[in-house]
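Numbering-wise, this note's numbering puts 395 at position 395 of the sequence shown, and it's gapless, one number per residue. Scroll down for the structure; my scribbles are underneath it.
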Amino acid sequence: MPPKTNTKDLVKKGPAEIQKSANRRQDAAEKPTTQRAIVIRNGKHGARGTGEVQLANKLAGREKLDLLAEDLVEKAKQAIARPFRLEECINIAEAQCSAFLDDIANLQDPDLFYDIIQQELEARTPKDTNGKPSAMLRNPTYVAQVVATRIHNAYLLASAWKIASDTLALLAREGLEDRTVKQQLKSNEKMRSRYLVLFDMVGHLVDMTQTKFAVLATKSPHYAHFFREVESKEPGEKEVIFDYRAGLREAGRSFLDSIIIELAFPESIYPKSILYNILHDAVEEAPREAKRFPQALWDSVGDLSEAVELQQILETPLLGPEGQEMRKMSRQMPEEFERWVDASIYSQKASELIGNFKDVIFPLEKTKSRVTLDNMWKYINMNYKSVAQTDITTLWGLDDALNAPPQWHAYYVDPSIIPEGDEDDMPALGGGRKKPLQLTTGEDSDGSMPELQSVSNSSDEESDDDSSDSEDEESDWQSDDGYDTDQEDYLREMLREAMDAANEAETDLGVPGVDPLAQDEDYRKGNPFLKLLGSLRGRMFPPGSKIKTPADRPAPRNAGAEFLKKAAAPPSQKTALEQLLEEEEAEKEAAAKKKSKKKPKKKKAAGAAGTSTETAAPTSPPPPAAQSPPTSPQSKKQQPKPAAPKPSGPTAAPIWFPTGETRAQSARAYLQENRLEADKNKTKSRPDHASIFSETSKKDKESKKGGLFSKLTGKDKEDPDQKEAKQSFFKRLSKRTKGYMHQLMRTSEDEKRGLAPMKWENFVKLMTEMGFDYDPSTAGSSVRFIPKDQRDKPITFHKPHPDPTIHPMMLREFSKKLQRHYGWTQDDILSAA
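Below you can see the structure in the form of structure tokens.
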């Protein structure tokens, strides 16, 4: 014990033996997950493991993952499963469906479209070898392909979550209860069939969101070198596999990278729910390591986490021998699912038609204009009509969902029970209040200077030393004194052994019938690199960004002969990148010819510049030059043409969409009907044919009940009493929260004029005081806010990452989202001031 002193320090110092060590690597080696993995390993094999690891506190990342995952799998067999909660399932499905519906609405908003697509281009376009933006960002065809893919993915996922949400609503109306769910599924054949269809649908959602996450991982700066593309067994197709030559060492040593790679590839030996639990713990104990995830990749982790959580809850009644028998029972997929698959096939084809709008939106800054963005959507709808005989929203059955009225009921929360957030969202520029420094007696044993006070108003975590990710990951392999030569030598030996085995397996030079990656031999047991290669062998996923449904048919049901002929055609042997390179070469040749001539002709130059290899636009008369937006480059290229009779539409049409009568039309009447004129007076119409969700939408209007059922019956118009109660509720907000609300809704009383960011914890405080429950338990950036009143639907936001500060553009997106869902307006806030 140190001797007692009569010091008058303002801040007491704890004993030296419990203070944080100055050696950060020692602290990193004592992470809770590492300690738990060492205990598990010692319990299996003794203090020295299987003989390969010489120090008890040294673990490879892959070995650590395997120990924790295997232990959780064994515990899950004996532990009580997560209880089934129907309301929780509905909250997840509705929140995710609303999130993708909001994505569609944002893509139609000129204030948000440009920033969304810019972020999408950055996330899906790797930088060149010099670390600069790729030249593909300057190619109109590539930009249009990214836009079309983003729109297709948003509609597909929104429609899929809508089916899951509606199915859960039907089960609730049929009387499915939490406590008796297993008995009800056994005795009620209709309910069991519907439940199994729902379970299959959520499984498809998990697969699709996993593919989306995996493709984004291949484009991220940190994880791109772990993957490489190879030729698939299907002609003209490619697959993504693990690149052991470039990433085996890092993937085997890094704990976090091992988790991400295991999640990216399908058919893992560990359940995704267990991998997500481990990922959550890994990020929670080492938040600096999560900075390697870009915002888009972390958002996809959150979306996948939500789907996996719903799948885990729905799986509870299907556990055990009786549940396994129910899974094997036959069920017929409903018409809603078949229409969703047909819509996906039509959308895959229609999203390839980009020739008629790629020049309209390039350069991308032009989409900040309402006229330009409206024209883009009119061309997209024209493309979908040429393929599926209907516009994109009707094809996916989302007309009513995208036009649902807002609904919110005031719920008072005492501000005194809510923790205070930071008052200032902007970092201090100097002269602010500083944290008091610690006064000591000058008897510190380490002899180091005290830490410098940070000028900014950031948290303690952000003010810590910025150690690199590699330092944190390699801490488990290095001793306190620095480099551990014996351990590193043995690590290199195991890595060399794994590389030799991988080369032998790839070239088939080994003994016939003997697997080079097998670990049956004693000298190979416990090699984490060999185990990593063995687990990833034969696992792959498609490299395309466009999500596909698990359909087993190449064309929609009862499709026309023309569509079947196109679907049966062999796929193109050229990738999008190869096509873009050919276009660039053609443009260079055209430019060279233009310079070689003394007096080049403008018509030829225009014709050369308009040449492209993408899929042609549907046959239709182009809009007149006078009606085109002034910012479009097509207005100069297109020549006025005399009015022509309307060409016959394609023969491919889904059977649930009537084609109507055929009549003679003028060109202007055709343009007005297909909404190809930028008129300001828009009239909304509803299709008189059945949509994907026509059955469920009719049942939604049959009955209205309180509690959970009021949430399932849709949204009603706001009554005057509720509007008055809402304004009264805004008046009760605390002074600081009112300031956050003015900043969020961009009112005239916003002191920061919409130019300042907002800290995430302040936004959480605002939502909590507005009566929402905060659920941050999922991995990734998805955060769900659940209203206190069960009549209102939950809402999901993506937390900013890696910096938890909501920048002004994201704050504007949050504001519009809250207005669409709950009807909060600037007038409500100002009237309550």
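Note that CB positions come from ideal geometry on N, CA and C, so glycine has one too.
Going straight from the alpha carbon of residue 135 to that of residue 315, what length do you get?
Locating residue 135 in the sequence shown gives position 135, counting from the first residue. Locating residue 315 in the sequence shown gives position 315, counting from the first residue. Rounded to whole angstroms, residue 135 to residue 315 spans 47 Å at the Cα level.
Using the beta-carbon count (16 or more within 10 Å), is residue 488 buried or exposed?
Translated into the one-based positions of the sequence shown, residue 488 becomes position 488. With fewer than 16 other Cβ atoms within 10 Å, it is exposed.
Does DSSP put residue 405 in a helix, in a strand, or in coil?
Taking the first residue of the sequence shown as position 1, residue 405 is located at position 405. Residue state, collapsed to three classes: coil.
Looking only at its own chain, which residues have a Cβ that is under 8 Å from the Cβ of residue 792, when we skip the five neighbours before and after it?
Numbered from its first residue, the sequence shown carries residue 792 at position 792. Taken in chain order, the residues that qualify are 407, 408, 409, 711 and 822.
Taking Cβ to Cβ, would you say residue 157 is nearer than 7 Å to residue 100?
For the purposes of this step, residue 157 is identified with residue 157 of the sequence shown, where counting begins at 1. For the purposes of this step, residue 100 is identified with residue 100 of the sequence shown, where counting begins at 1. For residue 157 and residue 100, yes; Cβs fall inside 7 Å.
Using only the alpha-carbon positions, how far apart do residue 222 and residue 247 sit?
Taking the sequence shown and counting its residues from 1, one reaches residue 222 at position 222. Taking the sequence shown and counting its residues from 1, one reaches residue 247 at position 247. Each residue's Cα considered, the two are about 11 Å apart.
I want to check one thing, is the minimum distance from the CB of residue 344 to the heavy atoms of the ligand MN below 6 Å?
This structure simply doesn't include the ligand MN, nor any ligand for that matter.
Are the Cβ atoms of residue 272 and residue 308 separated by less than 7 Å?
Counting from one through the sequence shown, the residue named residue 272 turns up at place 272. Counting from one through the sequence shown, the residue named residue 308 turns up at place 308. Contact flag set, yes.
According to DSSP, which residues form a beta bridge with residue 797?
As a position in the sequence shown, residue 797 is number 797, starting the count at 1. For residue 797, which the question treats as bridged, DSSP gives the partners 783.
Tell me whether residue 79 is buried or exposed, calling it buried when 16 or more other Cβ atoms sit within 10 Å of its Cβ.
Mapped onto the sequence shown, residue 79 falls at position 79. Classification for residue 79: exposed.
Where do the N-terminal and C-terminal ends of the beta strand (DSSP E) with residue 775 fall, by residue?
Translated into positions along the sequence shown, residue 775 becomes position 775. Here the beta strand (DSSP E) through residue 775 covers 772-775.
Mapping DSSP to helix, strand and coil, what is residue 228?
Counting from 1 along the sequence shown, the entry for residue 228 is found at position 228. Looking at residue 228 - three-state DSSP - the assignment turns out to be strand.
Excluding the 5 residues flanking residue 63 on each side, which residues of the same chain have their C-beta closer than 6 Å to its C-beta?
For the purposes of this step, residue 63 is taken as the residue at position 63 of the sequence shown. Here the set comprises 528.
So if DSSP puts residue 241 in a beta bridge, which residue, or which two residues, is it bridged to?
As a working note, residue 241 is residue 241 in the sequence shown. DSSP lists 228 as partners of residue 241.
Check whether the Cβ atoms of residue 257 and residue 33 sit closer than 7 Å, and answer yes or no.
Looking up residue 257 in the sequence shown gives position 257. Looking up residue 33 in the sequence shown gives position 33. For residue 257 and residue 33, no; Cβs fall outside 7 Å.
Count Cβ pairs between the stretch 298-307 and the stretch 775-784 that sit closer than 8 Å; are there 3 or more?
Contact between the stretch 298-307 and the stretch 775-784 is present, with at least three C-beta pairs closer than 8 Å.
For residue 541, name the three-state secondary structure that DSSP assigns.
Taking the first residue of the sequence shown as 1, we reach residue 541 at position 541. Three-state DSSP puts residue 541 in a strand.
Do residue 361 and residue 376 have their C-beta atoms within less than 7 Å of each other?
The count along the sequence shown starts at 1 and reaches residue 361 at position 361. The count along the sequence shown starts at 1 and reaches residue 376 at position 376. In contact: residue 361 and residue 376 (Cβ atoms closer than 7 Å).
Give me whichever residues DSSP pairs with residue 850 in a beta bridge.
No answer is possible for residue 850: the residues shown for the chain start at 1 and end at 833.
From the DSSP output, in three-state form, read off residue 292 for me.
Here the question's residue 292 lines up with position 292 in the sequence shown. Residue 292 falls in the helix class under three-state DSSP.
Between residue 541 and residue 240, which are expected to be in contact by the criterion C-beta below 8 Å, what is the C-beta distance as a whole number of angstroms?
Taking the first residue of the sequence shown as 1, we reach residue 541 at position 541. Taking the first residue of the sequence shown as 1, we reach residue 240 at position 240. Indeed they touch by this definition, with Cβ atoms about 5 Å apart.
Using only CA atoms, which one of 370, 769 and 139 lies nearest to residue 732?
The residue you call residue 732 lines up with position 732 of the sequence shown. For residue 732, the nearest C-alpha among the options comes from 769.
Which first and last residues belong to the alpha helix (DSSP H) in which residue 360 is found?
For the purposes of this step, residue 360 is taken as the residue at position 360 of the sequence shown. Segment: none, residue 360 is in no alpha helix (DSSP H) and carries neither H nor E.
Using a 10 Å radius around the Cβ and a threshold of 16 neighbouring Cβ atoms, would you call residue 201 buried or exposed?
For the purposes of this step, residue 201 is taken as the residue at position 201 of the sequence shown. Classification of residue 201: buried, given that the 10 Å Cβ count is 16 or more.
On the premise that residue 203 lies in contact with residue 311, defined as a C-beta separation below 8 Å, what is that separation, rounded to the nearest angstrom?
Here residue 311 is taken as the residue at index 311 of the sequence shown, counted from 1. Here residue 203 is taken as the residue at index 203 of the sequence shown, counted from 1. Correct: roughly 6 Å between the Cβ atoms.
Near residue 327, which residues of its chain fall below 6 Å by C-beta distance, leaving aside the five closest residues on each side in sequence?
Sequence index remark: in the sequence shown, residue 327 carries index 327 (1-based). Excluding residues within five positions, the ones whose Cβ falls inside 6 Å are 318.
In whole angstroms, what is the alpha-carbon distance linking residue 143 and residue 161?
On the sequence shown, residue 143 is found 143 positions in, with the first residue counted as 1. On the sequence shown, residue 161 is found 161 positions in, with the first residue counted as 1. Whole-angstrom Cα-Cα distance: 27 Å.
Please list, in chain order, all residues of the same chain as residue 669 whose beta carbon is under 8 Å from its beta carbon, the five residues on each side excluded.
Translated into the one-based positions of the sequence shown, residue 669 becomes position 669. A caution first: residue 669 carries a pLDDT of 41, below 50, which makes its placement in the model too unreliable to give a value.
Leaving out five residues before and five after residue 547 in sequence, what residues of the same chain have Cβ atoms less than 8 Å from its Cβ?
Reading the sequence shown from its first residue, position 547 is the one you call residue 547. Around residue 547: 152, 153, 156, 157, 208, 211 and 212.
Could you compute how far the alpha carbon of residue 700 sits from the alpha carbon of residue 197?
Numbered from its first residue, the sequence shown carries residue 700 at position 700. Numbered from its first residue, the sequence shown carries residue 197 at position 197. In this predicted model, residue 700 has a pLDDT of only 45, less than 50, meaning its place in the structure is not dependable enough to derive any value.
Going by the beta-carbon positions, is the gap between residue 345 and residue 72 smaller than 7 Å?
For this step, residue 345 is matched to residue 345 along the sequence shown. For this step, residue 72 is matched to residue 72 along the sequence shown. Cβ atoms of residue 345 and residue 72: not closer than 7 Å.
If you follow the alpha helix (DSSP H) that residue 324 is part of, which residue opens it and which one closes it?
The residue labelled residue 324 in the question sits at position 324 within the sequence shown. For residue 324, the enclosing alpha helix (DSSP H) covers residues 320-328.
Please classify residue 180: does DSSP put it in a helix, a strand, or coil?
As a first step, residue 180 is located in the sequence shown; it is residue number 180 there, counting from the start. Three-state DSSP puts residue 180 in coil, outside helix and strand.
Please state whether the Cβ-Cβ distance between residue 165 and residue 331 is less than 7 Å.
Counted from its first residue, the sequence shown places residue 165 at position 165. Counted from its first residue, the sequence shown places residue 331 at position 331. By the CB criterion at 7 Å, residue 165 and residue 331 fall outside the cutoff.
With residue 91 and residue 556 assumed to form a contact (beta carbons below 8 Å), what rounded beta-carbon distance in angstroms separates them?
Residue 91 sits at position 91 when you count from the first residue of the sequence shown. Residue 556 sits at position 556 when you count from the first residue of the sequence shown. The pair is not a contact, with the Cβ atoms about 33 Å apart (cut-off 8 Å).
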